[in-house]
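Student:
2 protein chains.
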Amino acid sequence: MYTSKVSVWVEIMDHQKAGVVLHNATIKAVAKDAGVSVATVSRVINSNCKVSAELVEAVNKSIAKLNYYPNTVARSLKFDSTLSIGLIISDISNSFFCFLARTIEDVIHGDNYNMIVCSTDNQQDKELSYLRLLLGKKVDGIIINTTGMNDELITSVSHVLPVVLCGRKIHSPSFHGDFVDSDNEAGSYTLTRHLIEHGHRRIAIVNGQRIFSSAAERLAGFARAMKTIGIAVDEGYPYLFEGNFTDSNSGTLAAKALLSLPAPPTAIIAMNNELAAGVLRYCHDRGIHIPQDLSICSYGKIFNNDLLYVQPSYVTMDPTLLGHKIASFMLERIAGKNQHSNREMRLDAHLVKGTGVSAPASPD
Amino acid sequence: MYTSKVSVWVEIMDHQKAGVVLHNATIKAVAKDAGVSVATVSRVINSNCKVSAELVEAVNKSIAKLNYYPNTVARSLKFDSTLSIGLIISDISNSFFCFLARTIEDVIHGDNYNMIVCSTDNQQDKELSYLRLLLGKKVDGIIINTTGMNDELITSVSHVLPVVLCGRKIHSPSFHGDFVDSDNEAGSYTLTRHLIEHGHRRIAIVNGQRIFSSAAERLAGFARAMKTIGIAVDEGYPYLFEGNFTDSNSGTLAAKALLSLPAPPTAIIAMNNELAAGVLRYCHDRGIHIPQDLSICSYGKIFNNDLLYVQPSYVTMDPTLLGHKIASFMLERIAGKNQHSNREMRLDAHLVKGTGVSAPASPD
DNA sequence: TTGTACGCGTTATCAT
DNA sequence: ATGATAACGCGTACAA
Numbered sequence: 130m131y132t133s134k135v136s137v138w139v140e141i142m143d144h145q146k147a148g149v150v151l152h153n154a155t156i157k158a159v160a161k162d163a164g165v166s167v168a169t170v171s172r173v174i175n176s177n178c179k180v181s182a183e184l185v186e187a188v189n190k191s192i193a194k195l196n197y198y199p200n201t202v203a204r205s206l207k208f209d210s211t212l213s214i215g216l217i218i219s220d221i222s223n224s225f226f227c228f229l230a231r232t233i234e235d236v237i238h239g240d241n242y243n244m245i246v247c248s249t250d251n252q253q254d255k256e257l258s259y260l261r262l263l264l265g266k267k268v269d270g271i272i273i274n275t276t277g278m279n280d281e282l283i284t285s286v287s288h289v290l291p292v293v294l295c296g297r298k299i300h301s302p303s304f305h306g307d308f309v310d311s312d313n314e315a316g317s318y319t320l321t322r323h324l325i326e327h328g329h330r331r332i333a334i335v336n337g338q339r340i341f342s343s344a345a346e347r348l349a350g351f352a353r354a355m356k357t358i359g360i361a362v363d364e365g366y367p368y369l370f371e372g373n374f375t376d377s378n379s380g381t382l383a384a385k386a387l388l389s390l391p392a393p394p395t396a397i398i399a400m401n402n403e404l405a406a407g408v409l410r411y412c413h414d415r416g417i418h419i420p421q422d423l424s425i426c427s428y429g430k431i432f433n434n435d436l437l438y439v440q441p442s443y444v445t446m447d448p449t450l451l452g453h454k455i456a457s458f459m460l461e462r463i464a465g466k467n468q469h470s471n472r473e474m475r476l477d478a479h480l481v482k483g484t485g486v487s488a489p490a491s492p493d
Numbered sequence: 130m131y132t133s134k135v136s137v138w139v140e141i142m143d144h145q146k147a148g149v150v151l152h153n154a155t156i157k158a159v160a161k162d163a164g165v166s167v168a169t170v171s172r173v174i175n176s177n178c179k180v181s182a183e184l185v186e187a188v189n190k191s192i193a194k195l196n197y198y199p200n201t202v203a204r205s206l207k208f209d210s211t212l213s214i215g216l217i218i219s220d221i222s223n224s225f226f227c228f229l230a231r232t233i234e235d236v237i238h239g240d241n242y243n244m245i246v247c248s249t250d251n252q253q254d255k256e257l258s259y260l261r262l263l264l265g266k267k268v269d270g271i272i273i274n275t276t277g278m279n280d281e282l283i284t285s286v287s288h289v290l291p292v293v294l295c296g297r298k299i300h301s302p303s304f305h306g307d308f309v310d311s312d313n314e315a316g317s318y319t320l321t322r323h324l325i326e327h328g329h330r331r332i333a334i335v336n337g338q339r340i341f342s343s344a345a346e347r348l349a350g351f352a353r354a355m356k357t358i359g360i361a362v363d364e365g366y367p368y369l370f371e372g373n374f375t376d377s378n379s380g381t382l383a384a385k386a387l388l389s390l391p392a393p394p395t396a397i398i399a400m401n402n403e404l405a406a407g408v409l410r411y412c413h414d415r416g417i418h419i420p421q422d423l424s425i426c427s428y429g430k431i432f433n434n435d436l437l438y439v440q441p442s443y444v445t446m447d448p449t450l451l452g453h454k455i456a457s458f459m460l461e462r463i464a465g466k467n468q469h470s471n472r473e474m475r476l477d478a479h480l481v482k483g484t485g486v487s488a489p490a491s492p493d
């Protein structure tokens, strides 16, 4: 099996600390120096076979002398496994994905896996290009927050490689992999009901593109909540803004558009942290008082939320929890050789009330 | 030479969009199917040699039929180059490093390089472990914000691989690589003078560990500025707190300690964004009014700065600018075969005044 | 226990 | 122009 020989590495590298030259020595060089065959060296390194004590000694001496360390690329070629997994997300500079990436890195590092990070900016061609690259690089698995525009290819990939989706679902029945996300519909429902209970009726929603399952589900939860007060959210609903999840500026534009309406909303729900920051930025710059003039909610916590000039109410979407689940699924799939049936994991989104919500100034 | 054959990939992968099975076909299988030798297939793929039109046709047909794509691992073995670079930083979940990572990714992706992200948490053993891993994986270069505790090894690595340092210098004369950072001394001087000009005298500094060159330089700039008003900053200086750059909580502890002193400071300079957020958090929770009770400055912008309840003055440290420079240096070194002499690039840190600074309530 | 030889998927060198 | 074959560095049957 293809495991990582940490103990050997430690032994090897300890000798390299004192500023010695790294020769890029090969196993052959070590064998020659120690006067043994490459097979013996290999056995010493991987310690999976019996080697006499004196030869072990000699080999280790040569390893230290030559500052030898194994070439992982060659091993990968042999085992068709690289001990690295690809992470394809829309944008690593988004605080949510930062924490997600960090958590995933931590978990998989425990199993000696590395992480190749790829940011797509939600562009189909970038995603495609990265998928190709990772496929060619023979990563052992792919974690992907997909753009939703390469479903067929990803489905194909899922037949040959462990795939864990995050945040955006693939509906193809032949897709083979796991899915982890927040419980979008319920979370959005909770958030909307929170506003309704404060007396709001003209509630606006600033969403991401509906081609993303998360956006669609959050819209559905919103609609279900609005239905409880007899308001139908359909194509004609006036307070619906579809922006871009990865661009807080689209939240700013949304706020501007919504608040310019003849009968502006008394509350806005931004469907992720980026959009929420954008909405907040608009209100801050324009001197719109929150919550007096407008109540604001966010799906997921805004970074540095507790230090903001006002705290929107939000439902939790903890990237650490998500990351742990995602990484675990991935490692399980790799270990089980991708034989699991599709799994779906939804994380609870519970309400955290903030100072950004109050009763509307002029209820209808 | 080892280049990436993008055009070929496009051609190859276009046929895979419709949910076909990815067989992991090899060049041998393609050769067999097309009735040619593997050499010919290789030539068609890399189009570096003349092949007759009909054979090109046949090979491409087989490639499409078998959904063949090249195994990068095998190529890497041949070329001793993987088209990937390692990024070793203290913590990818820190907003500053997020933006840095994103920028670097963008730039190197243009040259078809990938990025393996490694977070060390400023721990020596983690850094060591990641260095080993990247070395074994035969990355083409390493960008590192080092812990400062593996200088000898990194120096060794720099003799065999392009290395670009970021934020933390290695002083060994035999180190071979580039260094990019903010102009720490000058930036810190600017920030301190800003407070002095507002009338502050009891100015506290919340710094990272001085083993990091950035922390040492910022301390030096602070000391130089204080000297202009005849205050010596030495080991006996009472308003010196050494915390942890990567842990905002240590900023909170610092604020608590400093403000509990008999003659508390009238201003605090936090030497990075994390520490500043921690200081701010303490003040916010304790109801300490800023800037009335205390003025606050930060080296680098706090994330979502414009939405905070108060805006510390800060000097710029743009991760995007830094990232561009770092990535460029790396690509140049890779292209030039590591033959450059050591380069050092300092980015200007200019002052942005915020609402978090005013004259002290009770000047001495 | 130890060594020889082959194969992993490619590319490059030599023949033809 | 095309094909056979030797490398790249490693692990492991198989032989000894």
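Here the protein sequences come in this chain order: P and V. Counting the first sequence from 1 gives a position; the numbering used here is that position plus 129. Counting the second sequence from 1 gives a position; the numbering used here is that position plus 129. Here a beta-carbon is modelled for each residue, glycine too, at the ideal position from N, C-alpha and C. Just so we're clear, the structure is a prediction, and the values are computed from it rather than from any experiment.
Along the stretch 453 to 468 of chain V, where does the CB come closer than 9 Å to a CB of chain P? Name the residues.
Tutor: Within the stretch 453 to 468 of chain V, no residue has a Cβ that lies closer than 9 Å to any Cβ of chain P.
Student: What does a CB cutoff of less than 8 Å around Glu281(V) pick up in its chain, not counting 5 residues either side in sequence?
Tutor: In the second sequence, the residue the question calls residue 281(V) occupies position 152. For Glu281(V), where only same-chain residues beyond five positions count, the Cβ hits under 8 Å are Ser301.
Student: So what does DSSP say about Ala154(V), is it helix, strand or coil?
Tutor: On the second sequence, position 25 is the one that residue 154(V) refers to. Correct three-state label for Ala154(V): coil.
Student: Listing by chain order, which chain V residues have their CB less than 9 Å from the CB of Ile431(P)?
Tutor: Here the question's residue 431(P) lines up with position 302 in the first sequence. Under the 9 Å cutoff, chain V gives Asn433 and Leu436.
Student: Starting from Leu264(V), trace the alpha helix (DSSP H) in both directions and tell me its first and last residue.
Tutor: Mapped onto the second sequence, residue 264(V) falls at position 135. Unbroken alpha helix (DSSP H) run through Leu264(V): Gln253 to Gly265.
Student: Would you call the CB atoms of Phe374(V) and Gln338(V) closer than 9 Å?
Tutor: In the second sequence, counting from the first residue as 1, residue 374(V) sits at position 245. In the second sequence, counting from the first residue as 1, residue 338(V) sits at position 209. Taking 9 Å as the Cβ cut-off, Phe374(V) and Gln338(V) qualify as a contacting pair.
Student: Give, in chain order, every residue of the stretch 221 to 250 of chain P whose Cβ lies closer than 7 Å to some Cβ of chain V.
Tutor: Answer set for the stretch 221 to 250 of chain P: Ile221, Ser222, Ser224, Cys227, Phe228, Ala230, Arg231, Glu234, Asn243, Met244, Ile245, Val246 and Ser248.
Student: At the 9 Å Cβ level, is His413(V) part of the contact set with chain P, yes or no?
Tutor: Residue 413(V) sits at position 284 when you count from the first residue of the second sequence. Closer than 9 Å to some Cβ of chain P, the Cβ of His413(V) qualifies, so yes.
Student: Note down, in chain order, each residue of its chain lying with its Cβ closer than 7 Å to the Cβ of Ser303(V), except the 5 sequence neighbours on either side.
Tutor: For the purposes of this step, residue 303(V) is taken as the residue at position 174 of the second sequence. The answer, listed in chain order, is Thr284.
Student: What number of angstroms, rounded off, separates the C-alpha of Gly485(P) from the C-alpha of Ala333(P)?
Tutor: Your numbering for residue 485(P) matches position 356 in the first sequence. Your numbering for residue 333(P) matches position 204 in the first sequence. About 15 Å.
Student: Roughly how many whole angstroms lie between the Cα atoms of Gly407(V) and Asn378(V)?
Tutor: Locating residue 407(V) in the second sequence gives position 278, counting from the first residue. Locating residue 378(V) in the second sequence gives position 249, counting from the first residue. Approximately 5 Å between the Cα atoms of the pair.
Student: Quick one: residues in its chain with C-beta nearer than 8 Å to the C-beta of Ile245(P), no 5 flanking neighbours on either side, listed in chain order?
Tutor: By one-based count along the first sequence, residue 245(P) stands at place 116. Once the five neighbours on either side are set aside, the close Cβ partners of Ile245(P) are Ser213, Ile214, Gly215, Leu216, Leu263, Lys266 and Val268.
Student: My output table needs one value for Cys247(P): the three-state DSSP class, helix, strand or coil.
Tutor: Counted from its first residue, the first sequence places residue 247(P) at position 118. Three-state result, Cys247(P): strand.
Student: For Gly265(P), decide whether its Cβ has a neighbour in chain V, counting only Cβ atoms nearer than 9 Å.
Tutor: Looking up residue 265(P) in the first sequence gives position 136. Gly265(P) counts as touching chain V.
Student: Which of helix, strand or coil does DSSP assign to Gly122(V)?
Tutor: Here chain V has residues from 130 to 493 only, and residue 122(V) is not among them.
Student: For Met496(V), name the three-state secondary structure that DSSP assigns.
Tutor: Beyond the ends of chain V as shown, which are 130 and 493, falls residue 496(V); an answer cannot be given.
Student: Can you give me the C-alpha to C-alpha distance between Ala405(V) and Tyr411(V), rounded to a whole angstrom?
Tutor: In the second sequence, the residue the question calls residue 405(V) occupies position 276. In the second sequence, the residue the question calls residue 411(V) occupies position 282. One C-alpha to the other measures close to 10 Å.
Student: Compare the C-alpha of Asp85(V) against each of His327(V), Thr232(V), Ile218(V) and Ile272(V) and name the closest.
Tutor: In this structure chain V extends from 130 to 493, so residue 85(V) is not present and cannot be described.
Student: Leaving aside the five residues before and after Val135(V) along the sequence, list all residues of the same chain whose C-beta is less than 8 Å from its C-beta, in chain order.
Tutor: Taking the second sequence and counting its residues from 1, one reaches residue 135(V) at position 6. Because Val135(V) carries a pLDDT of 35, less than 50, the predicted location of this residue cannot be relied on, and no value is offered for it.
Student: Can at least three beta-carbon pairs, one atom from the stretch 389 to 404 of chain P and one from the stretch 457 to 471 of chain P, be found at a separation below 8 Å?
Tutor: Touching, no.
Student: Buried or exposed: which applies to Asn419(V), given that a residue is buried once 16 or more other Cβ atoms fall within 10 Å of its Cβ?
Tutor: Sequence index remark: in the second sequence, residue 419(V) carries index 290 (1-based). Per the sequence shown, residue 419(V) should be read as Ile rather than Asn. With 16 or more Cβ atoms within 10 Å of its Cβ, Ile419(V) is classed as buried.
Student: Is Ser171(V) close to chain P? Criterion is C-beta to C-beta, closer than 9 Å.
Tutor: Stepping through the second sequence from its first residue, residue 171(V) is reached at position 42. No, Ser171(V) does not count as interfacial toward chain P.
Student: Beta strand (DSSP E) containing Asn336(P): first to last residue?
Tutor: Counting from one through the first sequence, the residue named residue 336(P) turns up at place 207. Counting along the chain, the beta strand (DSSP E) containing Asn336(P) begins and ends at Ile332 to Asn336.
Student: Residues of chain V with a CB under 8 Å from the CB of Pro199(P): which are they?
Tutor: Working through the first sequence from its first residue, we reach residue 199(P) at position 70. By Cβ distance, chain V contributes Gly265.
Student: Rank Ala352(V), Val167(V) and Ile340(V) by C-alpha distance to the C-alpha of Gly365(V) and give the top, closest one.
Tutor: Within the second sequence, the letter at position 236 stands for residue 365(V). Gly365(V) has its Cα closest to that of Ala352(V), out of Ala352(V), Val167(V) and Ile340(V).
Student: Note the first and the last residue of the continuous beta strand (DSSP E) segment covering Ser311(V).
Tutor: On the second sequence, residue 311(V) is found 182 positions in, with the first residue counted as 1. Where Ser311(V) is concerned, the enclosing beta strand (DSSP E) stretches over Asp307 to Ser311.
Student: If you drop the 5 nearest sequence neighbours on each side, which residues of the same chain put their C-beta closer than 7 Å to that of Asn313(P)?
Tutor: As a working mapping, residue 313(P) is identified with position 184 in the first sequence. Excluding residues within five positions, the ones whose Cβ falls inside 7 Å are Ser343, Glu346, Arg347 and Gly350.
Student: Beta-carbon within less than 6 Å of Thr381(P)'s beta-carbon, same chain only, minus the 5 sequence neighbours each way: which residues are those?
Tutor: Here residue 381(P) refers to the residue found at position 252 when the first sequence is read from its first residue. Here the set comprises Gly407, Arg410 and Tyr411.
Student: Just checking my contact of Ser427(V) with Ala399(V) at CB under 8 Å: how many whole Å lie between their CB atoms?
Tutor: Within the second sequence, residue 427(V) is the residue found at index 298, counting from 1. Within the second sequence, residue 399(V) is the residue found at index 270, counting from 1. Confirmed, Cβ separation roughly 5 Å.
Student: Could you pull out every residue in the same chain whose Cβ sits closer than 6 Å to the Cβ of Gly277(V), ignoring the five residues on either side in sequence?
Tutor: For the purposes of this step, residue 277(V) is taken as the residue at position 148 of the second sequence. So the list reads Arg297, Ile340 and Phe341, once near-sequence residues are dropped.
Student: Specify, as a first and last residue, the run of the alpha helix (DSSP H) that Met474(P) falls within.
Tutor: As a working note, residue 474(P) is residue 345 in the first sequence. Here Met474(P) belongs to no alpha helix (DSSP H); instead the beta strand (DSSP E) covers Glu473 to Leu476.
Student: Okay, do the stretch 471 to 486 of chain V and the stretch 441 to 457 of chain V touch, 3+ Cβ pairs below 8 Å being the bar?
Tutor: Output reads yes: the stretch 441 to 457 of chain V touches the stretch 471 to 486 of chain V.
Student: In the DSSP assignment, find the beta strand (DSSP E) that holds Cys227(P) and state where it starts and stops.
Tutor: The residue you call residue 227(P) lines up with position 98 of the first sequence. Per DSSP, Cys227(P) belongs to no beta strand (DSSP E); it is in the alpha helix (DSSP H), Ser224 to His238.
Student: Got a sec: which bits of the stretch 326 to 338 of chain V sit with their beta carbon under 7 Å from any beta carbon on chain P, in order along the chain?
Tutor: Correct list: empty, as no residue qualifies.
Student: Going straight from the alpha carbon of Lys146(P) to that of Val159(P), what length do you get?
Tutor: Position 17 of the first sequence holds residue 146(P). Position 30 of the first sequence holds residue 159(P). At Lys146(P), the pLDDT of 42 sits below 50, so the modelled position is not reliable; the number obtained from the coordinates is stated separately. The straight-line gap from Cα to Cα measures roughly 19 Å.
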